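To start, the structure under review is shown below, and the notes come after it.
Numbering (this note's numbering), first residue to last: 118 to 506.
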């Protein structure tokens, strides 16, 4: 069993009786965190005696919360993957040249079985974890996989710490290449072109060589590989950052809908809304992430070639964790429904038990539990802000 990873600021869902207005520019997921605490504690994760608990878990954090040193450590580990030899069987992936390519090849090979399917969320959860383990075990990374918070800098991605092109980013936009936008949603959604389209020109990955794919690129001007899905096709990393796409679909309204709104009522509704309702012209937050980065990321098969893929899917997993765990959503709704009901008086028993002589009166169970939750919440906040060991 792989070790537990708690996604900071998204650790289950307790109750949501009074969310802030979704039109406010704030991180909806952060507001939900405190209401998740009871569900997490109830799952047993707050028990220090357990071998897997919130005190020894690995915490994933927003890239923005990383220090410069932490960001550079992560970037260095990714670059290590790009320079380490491939472990793939040449007959399986003849185009793979490095360890990073191994992950690209697996995703390309599995694409039709892991998108629009029941295992979309869990497969990608395992995939991101496996990549995180490779960074740690093969490239000396000591931290956890960061995520890209979609609800920040949507209107100007050049200000995003993920894409600002600095040496602590995952590089910036591509050079400007005139092209006719992008097509997504199985051909149903047309997106305007941005200011890029060509090779990435700034940041740690400006000289990155991409070896596999593309198979079915969405951006105009990006051609499918003449060497086949897993053949060798060396080229630069291209991007066309789209604030249009980010602003249109990375909204608090959409986040509320999939976390506590109508789309959260079942895994099917949640997943379909997250992946997109293409026939309705709705891209969904998953596809929007890929088309916000665009360029190589516009290919459903080989989008992994862009290092931002893993931050994007760590965010997907963050949202999935918020909605689906640790407690089943239906049970949490039942708890919320009964929370305001008066407890039934049991026949033959007094409503309140009085403390007798020499007997210390105990605090009601719900008060003791609330105090425990507050202490645990405080500890978690401290842990979230700690740098990794």
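Where is the CB? At the ideal position from N, CA and C, for every residue including glycine.
Everything numeric in this text was worked out from a predicted model, so none of it was measured.
If we require 4 or more residues per run, which alpha helix (DSSP H) segments fall completely within the segment 151 to 196?
154 to 157
Residue span of the beta strand (DSSP E) that contains residue 425, given as start and end
No beta strand (DSSP E) holds residue 425; the alpha helix (DSSP H) holding it covers 425 to 441.
In angstroms with no decimal places, state the Cα-to-Cα distance between residue 128 and residue 262.
The predicted model places residue 128 with a pLDDT of 36, which falls under 50 and marks its position as unreliable, so this point remains unresolved.
Can you check whether the CB of residue 220 is closer than 9 Å to the CB of residue 244?
Their beta carbons are under 9 Å apart, which means residue 244 touches residue 220 by this criterion.
Would you identify the three-state DSSP class for residue 217, choosing helix, strand or coil?
helix
Using the Cα positions of residue 229 and residue 166, report the straight-line distance between them to the nearest angstrom.
The straight-line gap separating the alpha-carbon atoms of residue 229 and residue 166 is approximately 42 Å.
Excluding the 5 residues flanking residue 361 on each side, which residues of the same chain have their C-beta closer than 8 Å to its C-beta?
308, 309 and 311
Straight-line CA distance for residue 256 to residue 203?
14 Å
Counting Cβ pairs, one atom from each stretch, are 3 or more of them under 8 Å apart for the segment 387 to 401 and the segment 275 to 295?
no
Collapsed DSSP secondary structure at residue 418 in the structure displayed
coil
Excluding the 5 residues preceding and the 5 following residue 191 in the sequence, name in chain order all residues of the same chain whose CB lies nearer than 8 Å to its CB.
183, 252, 258, 260 and 263
So, helix, strand or coil for residue 320, using DSSP?
In the structure shown, residue 320 sits in coil (DSSP, three-state: anything other than H, G, I, E or B).
Simplified DSSP assignment, three categories, for residue 406:
If DSSP states are grouped into helix, strand and coil, residue 406 belongs with the helices.
Beta strand (DSSP E) segment containing residue 308, residue limits:
306 to 308
CB of residue 225 within 9 Å of CB of residue 241, strictly
no
Which listed residue (235, 341, 353 and 286) has its alpha carbon closest to that of residue 187
Sorting 235, 341, 353 and 286 by C-alpha distance to the C-alpha of residue 187 places 286 at the top.
Looking only at its own chain, which residues have a Cβ that is under 7 Å from the Cβ of residue 319, when we skip the five neighbours before and after it?
282, 288 and 289
For the putative contact between residue 404 and residue 363, defined by C-beta atoms under 8 Å, what is the C-beta separation to the nearest angstrom?
The pair is not a contact, with the Cβ atoms about 12 Å apart (cut-off 8 Å).
If the criterion is Cβ atoms closer than 9 Å, does the pair residue 324 and residue 349 meet it?
no
Quick check: the segment 171 to 181 against the segment 267 to 280, are there 3 or more CB pairs under 8 Å?
yes
Counterpart residues of residue 291 in DSSP-defined beta bridges
317
Taking its Cβ as the centre, do 16 or more other Cβ atoms sit within 10 Å of residue 382, making it buried, or is it exposed?
exposed
Closer than 7 Å by C-beta to residue 368: which residues in its own chain qualify, once you throw out the five before and the five after it? Chain order, please.
none
To the nearest angstrom, report how far apart residue 333 and residue 402 are at their CA atoms.
Taken atom to atom, the span from the alpha-carbon of residue 333 to that of residue 402 is near 20 Å.
From residue 338 to residue 237, what does the alpha carbon distance come to, in whole angstroms?
29 Å
With DSSP as the reference, please indicate the residues paired to residue 336 in a beta bridge.
299
Apart from the five residues on each side of it in sequence, which residues of its chain come closer than 8 Å, Cβ to Cβ, to residue 529?
This structure cannot speak to residue 529, because the chain is shown only from 118 to 506.
If I measure Cβ to Cβ from residue 504 and keep anything under 6 Å in the same chain, skipping five residues before and after, which residues do I get?
Confidence is the limiting factor: at residue 504 the pLDDT is only 36, short of 50, which leaves the residue's position unreliable, though a coordinate-based value still follows. Closer than 6 Å at Cβ, skipping near neighbours: no residue.
On the DSSP bridge list, what partners appear for residue 326?
Under DSSP, residue 326 takes part in a beta bridge, and its partners are 353.
For the alpha helix (DSSP H) that residue 251 lies in, which residues bound it at each end?
Counting along the chain, the alpha helix (DSSP H) containing residue 251 begins and ends at 237 to 256.
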